[in-house]
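Chains as they are written, first to last, in the numbering used here: chain L, 1 to 264; chain P, 1001 to 1264. The block underneath contains the structure these notes are about, expressed in structure tokens.
Number of protein chains: 2
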Amino acid sequence: MEPERQDEGGAGTGTLGKAIAVLETVALADRPMRFTDVLAVSGQPRGTLHRQLSHLVQEGLLELRPDHSYMPGLRLLKLASASWARNEFRAVAAPFLEALHRETGETVHLGVLRGREIIYLDKVESRQAVRMNSQIGNASPVYCTGVGKAALSVLDEAALDAILSGLEFRRFTPQTLADRASLLVELAEIRKSGIAFDREEHEPGIRCVAAPVFDAGRALVAGVSVTGPAYRVGQEQLDDWAPRVSHAARAMTSELAARLGPQR
Amino acid sequence: MEPERQDEGGAGTGTLGKAIAVLETVALADRPMRFTDVLAVSGQPRGTLHRQLSHLVQEGLLELRPDHSYMPGLRLLKLASASWARNEFRAVAAPFLEALHRETGETVHLGVLRGREIIYLDKVESRQAVRMNSQIGNASPVYCTGVGKAALSVLDEAALDAILSGLEFRRFTPQTLADRASLLVELAEIRKSGIAFDREEHEPGIRCVAAPVFDAGRALVAGVSVTGPAYRVGQEQLDDWAPRVSHAARAMTSELAARLGPQR
DNA sequence: ATATTAATTCCATTATTTGGAACCGAGTTT
DNA sequence: AAACTCGGTTCCAAATAATGGAATTAATAT
Chain L
1 MEPERQDEGG AGTGTLGKAI AVLETVALAD RPMRFTDVLA VSGQPRGTLH RQLSHLVQEG
61 LLELRPDHSY MPGLRLLKLA SASWARNEFR AVAAPFLEAL HRETGETVHL GVLRGREIIY
121 LDKVESRQAV RMNSQIGNAS PVYCTGVGKA ALSVLDEAAL DAILSGLEFR RFTPQTLADR
181 ASLLVELAEI RKSGIAFDRE EHEPGIRCVA APVFDAGRAL VAGVSVTGPA YRVGQEQLDD
241 WAPRVSHAAR AMTSELAARL GPQR
Chain P
1001 MEPERQDEGG AGTGTLGKAI AVLETVALAD RPMRFTDVLA VSGQPRGTLH RQLSHLVQEG
1061 LLELRPDHSY MPGLRLLKLA SASWARNEFR AVAAPFLEAL HRETGETVHL GVLRGREIIY
1121 LDKVESRQAV RMNSQIGNAS PVYCTGVGKA ALSVLDEAAL DAILSGLEFR RFTPQTLADR
1181 ASLLVELAEI RKSGIAFDRE EHEPGIRCVA APVFDAGRAL VAGVSVTGPA YRVGQEQLDD
1241 WAPRVSHAAR AMTSELAARL GPQR
């Protein structure tokens, strides 16, 4: 067959890559998938897929329920817990997030750029009426979140282009910047001001201010944001918070350079 | 070579199993591991291990830092986030945990039995001075945690024996039940009362009351607990909470039977 | 009961992993 | 400066595990 090269997860790491691709389709689906469901999207032959799924189940990465549907397994949690606990960037950033939360009283997010999406690393929120770490580890689009756009704004031409090409835009709300051109215009603005807004572009009723964070060698590109409900948070409020967010982001950036830079 | 059979993660799922075993050693280590460090514990030949690590890095499951040390990668977070968000047991249990927290004012944990250890699925805590979800996904020993002992107490003879044989006891505190015999005595007590205590057996200064939760077909064995610091929480307090914890656990158990049972 | 669809097993072929050894680069010692 | 060491990386023939099409069995609908 043609070695059909995919941007992420496709083929390239041999057996492991294919297995993880299967794992991901099942784990990230929004409902339990039966064998045939996976078969339809995986493109693997029956026998092959069946063995891959069995192995994933044996390893505890997937769970096979009595009704023959597959769900993400608990071993993933165990592994990720370590990933989270040991993440140095998160540790460095934590106190700044706390401070930002105290200053604004709203929810603060920390997200890093991974491939074409933003992974939320941490969040600080007072009223945890909404389930606690609902957001951590969550992957969101780069082009319609404050953190995402902030992160994109500090990339160099080549890196940005690599991400944008092949990025599939989806219009989540009427405000979503759903094409490359408008996104580029927005990014130019962000580059000037150092501040990115999300004006209900991802979720209706949700606004945020964000600023970019990155380490010396640009190996890490991330963003911090303060988020609030539109009924309470207007553009003036976002503008008011902007300097604080920007300041926190710069503080993190330099702290990172100091803490992670030397040993590299 | 001899097909040296290990209890968990060793060999059996071919290529994937070995790769995940390597991933786990690196991810669960408490410091960054260099190539040689992994080599020493993995037992794989140099060339093989090198390729396995490269593949894991390419897949984003591990991160290779400029100083040649390996750390858990962000893709784990993304996968686990789905695992957590979609876990039905957690969803069913959540309101009961909240209630228990309101009644006691202390930290409430939900943990499930996986292999020979307890994986914490959720926690409710008011003062989140301590970092937020530090506990979620964390793996703890069965024999010296309230949740763990509670879970063990509802296993049948065979399942219990499978876990106990080959379980390596470690004395975390002077109170730790560090041998099979004393654990069995304790489990007999727990079976009678339906309540398990952790009297500073895992961490000095930490006490808890726990009760077992399980689903109809015993495919799921778990526990709920209320935990507090020893200086504030004496045995009387634990005894006082016991009925509430027990009640919550039974409520969850029956709710599970109702919600998950039918469709199986 | 029977037809239909889904899940699982089989096994000769094929591709990937394996693993020992050679190689490289940087730092140390003689 | 040459020789040595140590950690990491690359190579390639041999061994092994994955592949995938087809047959078998189980589950579900008619």
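Each residue gets a CB set at the ideal place from its N, CA and C atoms; glycine is no exception.
Beta-carbon within less than 6 angstroms of Phe35/L's beta-carbon, same chain only, minus the 5 sequence neighbours each way: which residues are those? If you number the first sequence from 1, residue 35/L lands on position 35. No residues qualify anywhere along the chain.
Selection from Ala1080/P, Gly1137/P, Asp1215/P that minimises the alpha carbon distance to Ala1151/P: Walking along the second sequence from the start, residue 1151/P turns up at place 151. Considering only alpha carbons, the answer is Asp1215/P.
In whole angstroms, give me the CA-to-CA distance for Cys1208/P and Gln1135/P. Numbered from 1 along the second sequence, position 208 holds the residue referred to as residue 1208/P. Numbered from 1 along the second sequence, position 135 holds the residue referred to as residue 1135/P. Approximately 15 angstroms between the Cα atoms of the pair.
Determine the chain P residues that contact Thr253/L at a beta-carbon separation under 7 angstroms, and present them in chain order. What you label residue 253/L is simply residue 253 of the first sequence in a count that begins at 1. Among the residues of chain P, none has a CB under 7 angstroms from the CB of Thr253/L; the nearest is roughly 18 angstroms distant.
Sort Gln1175/P, Gly1017/P, Cys1144/P, Ile1163/P by Cα distance to Glu52/L and report the nearest one. The residue given as residue 52/L occupies position 52 in the first sequence. The amino acid at residue 52/L is misidentified as Glu; the sequence shows Gln. When only C-alpha atoms are compared, the closest one is Gly1017/P.
Could you give the residue range of the beta strand (DSSP E) that holds Ala196/L? Here residue 196/L refers to the residue found at position 196 of the first sequence. Ala196/L -> beta strand (DSSP E) spans 196 to 199.
Looking at chain P, which residues of the stretch 63 to 76 of chain L have a Cβ within less than 8 angstroms of any of its Cβ atoms? Per Cβ criterion, the list reads Arg65, Pro66, Asp67, Met71, Pro72, Gly73, Leu74, Arg75, Leu76.
Using a Cβ-Cβ cut-off of 8 angstroms, state whether Asp1007/P counts as contacting chain L. Position 7 of the second sequence, counted from the first residue, corresponds to residue 1007/P. Since pLDDT at Asp1007/P reaches only 37, below the 50 mark, its modelled position is unreliable, and no value is offered.
Is it a yes or a no for the stretch 1042 to 1056 of chain P touching the stretch 48 to 62 of chain L, going by three-plus beta-carbon pairs under 8 angstroms? Output reads no: the stretch 48 to 62 of chain L does not touch the stretch 1042 to 1056 of chain P.
In chain P, what lies closer than 7 angstroms to Thr13/L by C-beta? On the first sequence, position 13 is the one that residue 13/L refers to. Those within 7 angstroms of Thr13/L in chain P are His1055, Gln1058, Glu1059.
Short of 9 angstroms Cβ to Cβ, which residues in the stretch 1135 to 1148 of chain P face chain L? Listed by position along the chain: Gln1135, Ile1136, Gly1137, Asn1138, Ala1139.
Mind checking whether Ala1099/P and Ala1248/P have CB atoms under 8 angstroms apart? Counting from 1 along the second sequence, the entry for residue 1099/P is found at position 99. Counting from 1 along the second sequence, the entry for residue 1248/P is found at position 248. Cβ atoms of Ala1099/P and Ala1248/P: closer than 8 angstroms.
Can you check whether the C-beta of Ala82/L is within less than 8 angstroms of a C-beta belonging to chain P? In the first sequence, residue 82/L corresponds to position 82, counting from 1. Judged by the 8 angstroms Cβ criterion, Ala82/L is in contact with chain P.
Under 8 angstroms from the C-beta of Glu1024/P: neighbouring residues of chain L: Taking the second sequence and counting its residues from 1, the one referred to as residue 1024/P is at position 24. Contact annotation for Glu1024/P against chain L: Leu79 [CB-CB distance below 8 angstroms, chain order].
Secondary structure at Ile1136/P, three-state DSSP: helix, strand or coil? Taking the second sequence and counting its residues from 1, the one referred to as residue 1136/P is at position 136. Annotated three-state conformation of Ile1136/P is coil, per DSSP.
Ala1080/P and Gly137/L: beta carbons closer than 8 angstroms? The count along the second sequence starts at 1 and reaches residue 1080/P at position 80. The count along the first sequence starts at 1 and reaches residue 137/L at position 137. Yes, the Cβ-Cβ distance between Ala1080/P and Gly137/L is below 8 angstroms.
Skipping 5 residues on each side, what residues in its chain have a beta carbon closer than 7 angstroms to that of Ala1091/P? The sequence position of residue 1091/P within the second sequence is 91, counting from 1. Sequence-distant partners of Ala1091/P (beyond 5 residues in either direction) whose C-beta falls short of 7 angstroms from its own C-beta are missing from its chain.
Considering only their Cβ atoms, is the gap separating Leu1076/P from Ala1027/P smaller than 8 angstroms? By one-based count along the second sequence, residue 1027/P stands at place 27. By one-based count along the second sequence, residue 1076/P stands at place 76. Against a cut-off of 8 angstroms, the Cβ pair of Leu1076/P and Ala1027/P comes out as a contact.
Between which two residues does the alpha helix (DSSP H) carrying Phe1089/P extend? For the purposes of this step, residue 1089/P is identified with residue 89 of the second sequence, where counting begins at 1. Secondary structure note for Phe1089/P: its alpha helix (DSSP H) is the uninterrupted segment 1088 to 1104.
Under 9 angstroms by beta carbon: chain L residues contacting Gly1047/P: Mapped onto the second sequence, residue 1047/P falls at position 47. The premise fails here: Gly1047/P is roughly 14 angstroms from chain L at the closest Cβ pair, so nothing lies under 9 angstroms.
If we cut at 8 angstroms on Cβ distances, does Val112/L have a partner in chain P? Locating residue 112/L in the first sequence gives position 112, where the first residue counts as 1. Chain P contact via Cβ: present.
Which of helix, strand or coil does DSSP assign to Ser225/L? As a first step, residue 225/L is located in the first sequence; it is residue number 225 there, counting from the start. DSSP, reduced to helix, strand and coil, places Ser225/L within a strand of the structure shown.
Could you give the distance in angstroms between the alpha-carbon of Pro954/P and the alpha-carbon of Glu1203/P? The structure shown does not extend to residue 954/P, since chain P is modelled only from 1001 to 1264, so the question has no answer here.
Please compile the residues from chain P whose C-beta is within a distance smaller than 9 angstroms of the C-beta of Leu187/L. Taking the first residue of the first sequence as 1, we reach residue 187/L at position 187. Ordered by position in chain P, no residue passes the 9 angstroms Cβ test against Leu187/L, which lies about 23 angstroms from the chain.
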